[in-house]
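*Asks:* The structure is given below, and queries will be raised subsequently.
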Amino acid sequence: MSESNVETAQSFDPFTPVEDPYRPLKAAAARCPVFPVQHGAFVVTGAANVAAVFKDSASFRNELRPRTPGTQPSMVHLDGQEHTRMRRLVVKAFTPRAVKIVEDPTYAIAHALIDRFIGQGSADLCAEFAFLLPAMVIAELVGIPEGDRSQFVRWADDAITAAGPNSSGYAESDPDLRRYVLGIIDQRRMAPGDDLLSQLIQVHDGEDRLATEELVALVRMLILAGTDTTANLIGSMLHYLLSDRSRWERLRIDRTLIPNVIEETLRCDPPLYWLPRMTATDVEVAGATIPAGTLVCNAVGHANRDPAVVERPDEWDMDRSAIRNRTHLTFGFGEHFCLGSSLARLEATVVLEVLLERLPGVALAEDYVYQPHGPLMMRGVKAMPVTFTPATPR
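Residue numbers (my numbering): 893 to 1286.
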């Protein structure tokens, strides 16, 4: 390793959440667009390089750790024909209609959560709102009965925590979640509904259908991929809007800016500012050779701020057109592009519309200090104390 690469590796740590990872990442990338960091990992930066990693699914694999005997890997961590087959079946169920069905329930969930604290005049919008809504929406999407959703949310929280570093990837409560999901699958086979799980059970490609173990893995994937990430998006949106009061006031007056706010937050501060891949072989990127079996931190957060792609890349600007701003790589690229992107955008839209309606005068508490919500590549807000005029629940 050259002296400049040693310096680069020591200047940026992708594994420890900090208030602003983008400045040291930008400085490191300026010295070398592909560089080694601690734990033997490599970071890939720049829009073209990051897209190249996503495109080359043969060299950069999604299966990051050895399989646990007796468990079915999530679709997110499958590659090649296994992934192609399962995705082909899942997209038949995860349709725009499936997402549209949960739109009204998402509004209801948002209102219900606000009803819990609106009479108090203060709340933690992360702990009492942003961290709860996505898991409750996933429960609605899957068809979890309302009486079981509090337990489902706790299982979701356990699963997310166990997916962090130095973990097997499975929570102690995972067998309970698995048994519960198996029971719901049996119920849906006997009495299908309009929920996504019923659709997943019924989809087929000729004689090929999703096996029971695959259905369980898909529910876990929905929890892991669609809960904390959306919570982080919500927290980051609110941080940008409320830390500069003029932004919130503009949005109150002109709600047509909501799509811009969502897309600009996804671009500027993505819920996952790098996405992991594992090299299947020695591979060269931007002149640097990454050895086989190496964890690659594919820095979408840097790619989204590439000056070759976007003007004023480090500035969060709610006037950027949402349609033109969708070239960001936050949801990945290619065959592993995030299936839940439309659901995340729906939830973010509902959140802003409901908060604007119910808490128009909301403001950050005087003691609010931005703290990043990790771990690892996660980007969100740890806590957001706010104040507002108390009101009567609906």
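For every residue, glycine included, the Cβ atom is placed at its ideal position computed from N, Cα and C.
1) From what residue to what residue does the alpha helix (DSSP H) around Arg1147 run?
2) Pull up the DSSP beta-bridge partners for Leu981, would you.
3) Can we count Ala1027 as close to the ligand FAD, meaning its CB is less than 8 Å from some heavy atom?
4) Where do the ends of the alpha helix (DSSP H) carrying Met1082 lie?
5) Rounding to the nearest angstrom, what Cα-Cα distance links Leu1116 and Asp912 in this structure?
6) When we look at the beta-carbon of Ala1031 and count the other beta-carbons within 10 Å, is it buried (16 or more) or exposed?
7) How should Gly1226 be labelled, buried or exposed, when 16 other C-beta atoms within 10 angstroms of its C-beta is the threshold for buried?
8) Over what stretch of residues does the beta strand (DSSP E) that includes Glu1176 continue unbroken?
9) Below 6 Å CB to CB, which residues in the same chain sit around Ala1123 once its five sequence neighbours on both sides are set aside?
10) Over the uninterrupted alpha helix (DSSP H) stretch that includes Pro1285, give me the two end residues.
11) Enumerated in chain order, which unbroken segments of the beta strand (DSSP E) with a length of 3 residues or greater are wholly contained in the stretch 1013–1042?
12) Report the residue ranges of all beta strand (DSSP E) runs contained in full by the stretch 1181–1241; include only those spanning at least 3 residues, in chain order.
13) Is the stretch 939–946 touching the stretch 1190–1209 in the sense that three or more CB pairs, one from each, lie closer than 8 Å?
14) State the Cα-Cα distance for the pair Arg979 and Gly1253, rounded to the nearest angstrom.
15) Starting from Thr1104 and walking both ways along the beta strand (DSSP E), at which residues does that stretch end?
16) Which class does Val1243 belong to by DSSP, given the choice of helix, strand or coil?
17) Looking at the structure shown, is Val953 part of a helix, part of a strand, or coil, going by DSSP?
18) Please report the distance separating the alpha-carbon of Thr900 from that of His975.
19) Are there 16 or more other CB atoms within 10 angstroms of the CB of Phe1229, so buried, or fewer, so exposed?
20) Start and end of the alpha helix (DSSP H) containing Arg1169?
21) Checking 9 Å against the spacing of the C-beta atoms, do Leu1092 and Leu1107 come in under that value?
22) Helix, strand or coil: which one does DSSP assign to Thr908?
23) Report the partner residues of Pro928 according to the DSSP bridge assignment.
24) Taking 6 Å as the limit between beta carbons, can you name the residues of its chain near Glu1018, skipping five residues before and five after?
25) Any contact between the stretch 1205–1224 and the stretch 1150–1170? By contact I mean 3 or more CB pairs, one from each, below 8 Å.
26) Taking 9 Å as the cut-off, decide whether the C-beta atoms of Ile1036 and Thr1119 are in contact.
27) Return helix, strand or coil for Leu1005, following the three-state DSSP convention.
28) For Val939, list the residues DSSP reports as bridge partners.
29) If you follow the beta strand (DSSP E) that Pro916 is part of, which residue opens it and which one closes it?
30) Which of helix, strand or coil does DSSP assign to Val1273?
*Replies:* Taking the structure as given:
1) Arg1147 -> no alpha helix (DSSP H), and no H or E assigned at all.
2) None, per the DSSP bridge assignment.
3) With respect to the ligand FAD, the structure shown offers nothing to examine, as it has no ligands at all.
4) 1066–1082
5) 24 Å
6) buried
7) exposed
8) 1175–1177
9) Ala1022, Phe1023, Pro1026
10) Segment: none, Pro1285 is in no alpha helix (DSSP H) and carries neither H nor E.
11) 1014–1016
12) 1187–1190
13) yes
14) 44 Å
15) Per DSSP, Thr1104 belongs to no beta strand (DSSP E); it is in the alpha helix (DSSP H), 1104–1118.
16) helix
17) For the sequence presented, residue 953 should be read as Arg rather than Val. Three-state DSSP puts Arg953 in a strand.
18) Caution is warranted here: a pLDDT of 49 is assigned to Thr900, below 50, making its placement in the model unreliable, and the coordinate value is therefore given only provisionally. About 35 Å.
19) exposed
20) Not the alpha helix (DSSP H): Arg1169 falls in the beta strand (DSSP E), residues 1167–1171.
21) yes
22) coil
23) Phe934
24) Note on identity: in this sequence residue 1018 is Cys, with Glu being the wrong assignment. Only Gly1127, Val1273, Ala1275, Met1276 meet the Cβ criterion.
25) yes
26) no
27) helix
28) Looking at the sequence itself, residue 939 is Ala, so the reference to Val does not match. Beta-bridge pairing links Ala939 to no other residue.
29) First-last for Pro916: 914–923, but that is the alpha helix (DSSP H), not the beta strand (DSSP E).
30) strand
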